[in-house]
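See below for the structure under consideration.
In our numbering, the protein residues as written are 4 to 255.
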């Protein structure tokens, strides 16, 4: 099976301000295969966001290595890794440009990673395609193709961020607690949409979640992190046998 991402002994140490080194990612070795949908659980400070940041290149490793699609990207900055990755953040405001319309945001996402010269945007050529895309979402956004994104609800903006992240198929989709800022009903509908996108298009995805129920329900692998280390890596069949009580016991 093809490996999309490979981390070997990935370690990050930071100075805690008292001239002491603190290890926030501790010799993590992880293989992510094509089509994997990994859910990641862990308490605050477990290393979940650090793991995402070292994969995305916004935080460099102190030691160890990381490859994406067979390329060693250990020393490559985030912009050089952008051709492989798409990320949806916790804050609905982070994934979209508020003054640009829904259609304009989608056009930018469609050409992500490509060189763009000073040519006219030709947005009209993509209108039908973008309209049919937003109709898949079904949360009212289908009436807002020409609306500035800043005027949308949080749930609509997150759904648009997800659409933008997947419009050009990424080698790895990073879902960084992307439902955490939403109310329970909106969160549920966004998770259903996420699962439809990831499993339907056989995307490779990592999802950080604080919801035990989501960790149980979604994905084919579950990673549990604690103190900067992976303490559990459960396959789909092992995950299926676990209850929420079992999950709580892992953290005790």
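Where a beta carbon is used, it is the ideal one built from N, C-alpha and C, also for glycine.
Within a 10 Å sphere around the beta-carbon of residue 168 sit 16 or more other beta-carbons, which makes this residue buried. A distance below 9 angstroms separates the beta carbons of residue 44 and residue 213. Between the alpha carbons of residue 38 and residue 88 lies a gap of roughly 14 angstroms. The beta carbon of residue 53 sits closer than 8 angstroms to those of 15, 27, 28, 62 and 231, all from its chain and outside the five residues before and after it, given in chain order.
Cβ neighbours of residue 148 within its own chain (closer than 8 angstroms, five residues either side excluded): 104, 105, 106, 130, 133, 134 and 137. Under the DSSP assignment, residue 219 falls in the alpha helix (DSSP H) whose first and last residues are 215–220.
Taken through DSSP and simplified to helix, strand or coil, residue 9 comes out as strand. Nearest C-alpha to residue 17 among 252, 59 and 66: 66.
Runs of the beta strand (DSSP E) spanning 3 or more residues and lying entirely within the segment 86–143 occur at 88–91, in chain order.
In the same chain as residue 100, and ignoring 5 residues on each side of it, the C-beta atoms closer than 8 angstroms to its own belong to 107, 108, 111 and 152, in chain order.
Cβ-Cβ distances below 8 angstroms link residue 251 to 215 in the same chain, with the five nearest sequence neighbours on each side left out; the list follows chain order. In this structure, residue 208 sits near residue 40, with a CB-CB distance shorter than 9 angstroms.
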